[in-house]
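Engineer:
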Ligand code: SF4
Ligand code: SF4
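Numbering (our numbering), first residue to last: 29 to 196.
1) If we count the other Cβ atoms within 10 Å of its Cβ and call it buried at 16 or more, is residue 96 buried or exposed?
2) Does the Cβ of residue 134 lie closer than 6 Å to at least one heavy atom of ligand 1?
3) Is it true that the CB of residue 98 sits closer than 7 Å to the CB of residue 137?
4) Measuring CB to CB, does residue 77 end up less than 7 Å from residue 100?
5) Flag this pair as yes or no: are the beta carbons of residue 130 and residue 88 separated by less than 7 Å?
6) Suppose the cutoff is 6 Å on Cβ atoms and the five residues either side in sequence are ignored; what does the same chain contact list for residue 66 look like?
7) Is residue 123 helix, strand or coil by DSSP?
8) For the alpha helix (DSSP H) that contains residue 158, what are its first and last residues?
9) Could I get the ranges of all uninterrupted alpha helix (DSSP H) runs contained in the stretch 100–145, with 4 residues as the minimum, in chain order?
10) In angstroms, rounded to a whole number, what distance separates the CA positions of residue 81 and residue 40?
11) Consult DSSP for residue 173 and reduce its assignment to one of helix, strand or coil.
12) Check residue 180 in the structure and name its three-state DSSP category.
13) For the alpha helix (DSSP H) holding residue 69, just list the boundary residues, first then last.
14) Is the stretch 101–118 touching the stretch 135–150, taking contact as three or more C-beta pairs under 8 Å?
15) Considering only their Cβ atoms, is the gap separating residue 152 from residue 47 smaller than 7 Å?
16) Name the one or two DSSP bridge partners that residue 77 has.
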């Protein structure tokens, strides 16, 4: 049997797809954004939200980020003792937490490694900017994204329940 050139095969795929889209049950797969918008899945990786109260400035996310696009600054401060009569505790006070979305590759490592449930994915994706400098989101803006983090979904039946809980 003679070998069919790759280009002819490719054109065949294009033709078949074109015929499919002309069927009443078909239709174009392209969405005319921004006039039409698709609903992303609840766990889509759109933007990362910061739950600042949970962040201890441990720097783990920043160290693990392959792009080095998380910037954290903090200072030591004294917090009240846990029990009456105890010593004041030394804790980290977060001064700055920023993610540069012009560098982020949405790998999710920072969200996975955070031991204190401070980072969450939001499916929100509309944060493009005219100036690339505006893609640097400081902690105030990262905190606002928490509003768009979907509620925690129950685990599938039979799966082990040892994951994260979303603070509310
Ligand atoms: S998603 Fe990946 S690249 Fe983006 S900030 Fe987190 S660790 Fe860095
Ligand atoms: S890993 Fe979590 S707690 Fe540690 S600095 Fe990053 S966001 Fe904060």
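We put the CB at the ideal spot given by N, CA and C, even for glycine.
Structural biologist: The structure says:
1) In the chain shown, the residue the question calls residue 96 occupies position 68. Exposed, since its Cβ has fewer than 16 Cβ neighbours within 10 Å.
2) As a first step, residue 134 is located in the chain shown; it is residue number 106 there, counting from the start. It does: the Cβ of residue 134 is within 6 Å (strictly closer) of some heavy atom of ligand 1.
3) For the purposes of this step, residue 137 is taken as the residue at position 109 of the chain shown. For the purposes of this step, residue 98 is taken as the residue at position 70 of the chain shown. No, the pair does not count as a contact, with Cβ atoms beyond the cut-off.
4) As a working note, residue 77 is residue 49 in the chain shown. As a working note, residue 100 is residue 72 in the chain shown. No; because the gap between Cβ atoms is not below 7 Å, this pair is not in contact.
5) Taking the first residue of the chain shown as 1, we reach residue 130 at position 102. Taking the first residue of the chain shown as 1, we reach residue 88 at position 60. Contact flag unset, no.
6) Stepping through the chain shown from its first residue, residue 66 is reached at position 38. Once the five neighbours on either side are set aside, the close Cβ partners of residue 66 are 59.
7) Working through the chain shown from its first residue, we reach residue 123 at position 95. DSSP places residue 123 in strand when its eight states are reduced to three.
8) Position 130 of the chain shown, counted from the first residue, corresponds to residue 158. Counting along the chain, residue 158 falls outside any alpha helix (DSSP H), and DSSP gives it neither H nor E.
9) List check, alpha helix (DSSP H) in window: 137–141.
10) In the chain shown, residue 81 corresponds to position 53, counting from 1. In the chain shown, residue 40 corresponds to position 12, counting from 1. Whole-angstrom Cα-Cα distance: 56 Å.
11) As a working mapping, residue 173 is identified with position 145 in the chain shown. Helix, per DSSP.
12) Here the question's residue 180 lines up with position 152 in the chain shown. Three-state DSSP puts residue 180 in coil, outside helix and strand.
13) What you label residue 69 is simply residue 41 of the chain shown in a count that begins at 1. Residue 69 -> no alpha helix (DSSP H), and no H or E assigned at all.
14) no
15) As a position in the chain shown, residue 47 is number 19, starting the count at 1. As a position in the chain shown, residue 152 is number 124, starting the count at 1. No.
16) Looking up residue 77 in the chain shown gives position 49. BP columns for residue 77 point to 148.
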